[in-house]
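Numbering (the working numbering), first residue to last: 14 to 427.
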């Protein structure tokens, strides 16, 4: 699927109907705006909690709370498969807007611990939104042979927003405060909700009714689709150690190194720029390799990048962070394509939800693990869990792929 697909990328894009391109870029643009606002949330909440409580563990837990609802992904995936996806997307964006807008009022009242309640509920809505847009809406807006192109453009565009967002968030936090930053985030969700009304309606795939039956089918689909359980295991292992690195970098740079909010935002922005670069490179490098081998190469780059985080030199740690984000950006695009081609549309929501329950549930645990280790005095120990887990993930994926090399693989379903 490598070189021929890449060579025809520009031609195929020009041949797509203008309406399809408009709706694709409409969704991509609004999602980028939402991601930009979310970077405000990701900086404002932990820094406010750190300033108010002095606890790096509690600050890191604010990220864990945001990913904890992904454990409920199978049930939420059933919701996606059972209803028209545009409506689900609209409702989830509106819910996030309302809940995030509530958080500043709780902070004003000094109720720091109560902030975790709307944060948790907003994260549940975010799970639904992500599953719907990434695996339900986005692939339907482009021809099936342009899915790699679409995921690459979508990921690169949203990563640019993540790149600009932290720098802007640092300025907003330093000048206007965390409340304005959070209200900006709420406004971006409203914008995305308006865009959802403009997306074309799509007939929902026929699914069996009955909550329990749909849950069982989701887990069965997850188990029987070749390559999917192996990919889930490897991604979960990587996220267990390295998933919370961005938020821990915030705590390290501002809390341990003593840098300002603006410089902290710039460091996170540099990581987001690396992620955008990785997403852009995803359909341009190793195009002559199979998707399985490309995923393995991205895993290896992640592990190498994590090794740089252990060195006691600030510039090298920042470079390792940027390289890690770039490798993860490329891996996200490649694995999303892999999943889209492997999973039948009628069980897409449920199967991807089961995957995310493990993958992002591990990220939630990572916030606790790295939230503890970042407070250790020696730099070599602060990111040791990230290196160990990322290296093990690479070994798992490559080893499992070689063990299953005799079995026909996912590419046959493309």
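Beta carbons are placed, not taken as given, at the ideal position from N, Cα and C, and that holds for glycine.
None of these values were measured; they are calculated from a predicted model.
- In terms of Cα proximity to residue 84, the closest of 62, 348, 366 and 385 is 366.
- Where residue 239 is concerned, there is no enclosing alpha helix (DSSP H), because DSSP gives it neither an H nor an E.
- Residues 154, 155 and 163 of the same chain have their beta carbon placed closer than 7 Å to that of residue 37, with the five preceding and five following residues left out of the count.
- The three-state secondary structure of residue 256, taken from DSSP, is coil.
- When 371, 111, 374 and 76 are compared, the shortest CA-CA separation from residue 203 is found for 111.
- The residues 39, in chain order, have a CB closer than 7 Å to that of residue 211 in the same chain once the five nearest residues on each side in sequence are set aside.
- Just measuring C-alpha positions, the residue of 61, 79 and 371 sitting nearest residue 241 is 371.
- At a Cβ-Cβ threshold of 7 Å, residue 250 and residue 409 count as neighbours.
- Judged by beta-carbon spacing, residue 342 lies beyond the 7 Å limit of residue 379, meaning their Cβ atoms are not closer than that value.
- Here residue 137 is near residue 82, since their CB atoms are less than 7 Å apart.
- Non-local beta-carbon contacts of residue 265 in its own chain, meaning distances under 6 Å to residues more than five positions away in sequence, involve 387 in chain order.
- Assignment of residue 124 by DSSP, reduced to helix, strand and coil, places it in the coil class.
- Around the beta-carbon of residue 214, fewer than 16 other beta-carbon atoms lie within 10 Å, marking it exposed.
- Ranked by how close their Cα comes to the Cα of residue 405, the residues 360, 347 and 320 have 320 in first place.
- Boundaries of the alpha helix (DSSP H) around residue 392: 392-395.
- Annotation: residue 395 to residue 324 spans about 10 Å, alpha carbon to alpha carbon.
- In the structure shown, residue 117 adopts helical secondary structure according to DSSP, grouped into three states.
- When the five nearest sequence neighbours on each side are left out, the beta carbons in the same chain lying within less than 7 Å of the beta carbon of residue 41 are those of 166, 167 and 170, in order along the chain.
- Residue 140: member of the alpha helix (DSSP H) spanning 129-145, first to last residue.
- Contact between residue 339 and residue 290 holds, since their C-beta atoms are separated by about 5 Å, short of 8 Å.
- Of the candidates 116, 411, 76 and 79, the residue whose Cα lies closest to the Cα of residue 246 is 411.
- Collapsing the DSSP output to three states places residue 277 in a helix.
- A contact is defined here as three or more CB-CB pairs under 8 Å, and the segment 180-190 meets this definition with respect to the segment 271-279.
- Distance from the CA atom of residue 183 to the CA atom of residue 254, rounded to whole angstroms, is 26 Å.
- Residues of the same chain with a CB within less than 6 Å of the CB of residue 201, apart from the 5 flanking positions on each side, are 46, 47 and 50 in chain order.
- Using a C-beta cut-off of 8 Å, the segment 138-145 makes no contact with the segment 116-126, since fewer than three inter-stretch Cβ pairs fall below that distance.
- Within the same chain, 258, 262, 284 and 322 come within 7 Å of residue 334 by CB-CB distance, once the 5 residues on both sides are set aside.
- Collapsing the DSSP output to three states places residue 359 in a helix.
- The criterion of a C-beta distance shorter than 7 Å is not satisfied by residue 312 and residue 402.
- A Cβ-Cβ distance of about 5 Å is found for the pair residue 75 and residue 58, placing them in contact under the 8 Å criterion.
- Remark: C-beta atoms of residue 179 and residue 260 do not approach each other more closely than 7 Å.
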